[in-house]
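**Q**
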Amino acid sequence: MSLLQDLTSDMVSAMKNRDKETLGVVRMLKAAVQNEQIEQGHDLTPDEEVAVMAREYKQRKESLDEFKQAGRQDLVEKTEAEMKVVEKYMPQQLSEDDVKKIVDETIEQVGASSMKDFGKVMGAVMPKVKGQADGKLVNQTVKSELNK
Numbered sequence: 001m002s003l004l005q006d007l008t009s010d011m012v013s014a015m016k017n018r019d020k021e022t023l024g025v026v027r028m029l030k031a032a033v034q035n036e037q038i039e040q041g042h043d044l045t046p047d048e049e050v051a052v053m054a055r056e057y058k059q060r061k062e063s064l065d066e067f068k069q070a071g072r073q074d075l076v077e078k079t080e081a082e083m084k085v086v087e088k089y090m091p092q093q094l095s096e097d098d099v100k101k102i103v104d105e106t107i108e109q110v111g112a113s114s115m116k117d118f119g120k121v122m123g124a125v126m127p128k129v130k131g132q133a134d135g136k137l138v139n140q141t142v143k144s145e146l147n148k
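In structure tokens form, the structure reads like this:
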């Protein structure tokens, strides 16, 4: 089943259950996927679908940080609930240890030895963890490993 079909069936079940919060988020996600399809001009591949979900998750995560800084607890709770719904459609996220292991392997493969090789390492790591790890986490891990 494609992501669009999953979203549609979840939207119908949220309507039947009168779950307004989930329904709103699922509608936004479905619209994002459909907009990306229109923009691309073809049905999305699974990788493209994951990229859309990752982008939606990242937007909510950034909003969450801003709401916490502003002390808006009402918006923090709402955004956290939205993130839980988005997580349902994303692949399992890698742990920090898994990311560190992938970064170490990649540093060894590309022969990186200093911060000068940062771009080369990031370019090799990101396709391996696409949709499964936050770019910020990967960035921090690569920096810390190259600075050793």
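Here this note's numbering is used: the first residue of the sequence shown is 1, the next is one more, and so on. Yeah, the Cβ is synthetic: ideal placement off N, Cα and C, and Gly gets one too.
#1: If we count the other Cβ atoms within 10 Å of its Cβ and call it buried at 16 or more, is residue 82 buried or exposed?
#2: Can you name the start and end residues of the alpha helix (DSSP H) that residue 51 belongs to?
#3: Buried or exposed for residue 107, going by 16 or more other Cβ atoms inside 10 Å?
#4: Cα-Cα, which of 49, 131 and 95 is closest to residue 30?
#5: Alpha carbon to alpha carbon, what distance is there between residue 145 and residue 64?
#6: What is the residue span of the alpha helix (DSSP H) that residue 9 lies within?
#7: Looking only at its own chain, which residues have a Cβ that is under 8 Å from the Cβ of residue 115, when we skip the five neighbours before and after it?
#8: Give the DSSP-derived three-state secondary structure of residue 134 in the structure shown.
#9: Mind the definition here: the segment 129 to 142 touches the segment 79 to 97 only if three or more C-beta pairs lie below 8 Å; say whether that holds.
#10: Quick check on DSSP: helix, strand or coil for residue 90?
**A** Looking at the atomic coordinates:
#1: buried
#2: 46 to 70
#3: So residue 107 ends up on the buried side.
#4: 49
#5: Answer to the nearest angstrom: the Cα atoms are 28 Å apart.
#6: 3 to 16
#7: 143, 146 and 147
#8: coil
#9: Yes, the segment 129 to 142 touches the segment 79 to 97.
#10: coil
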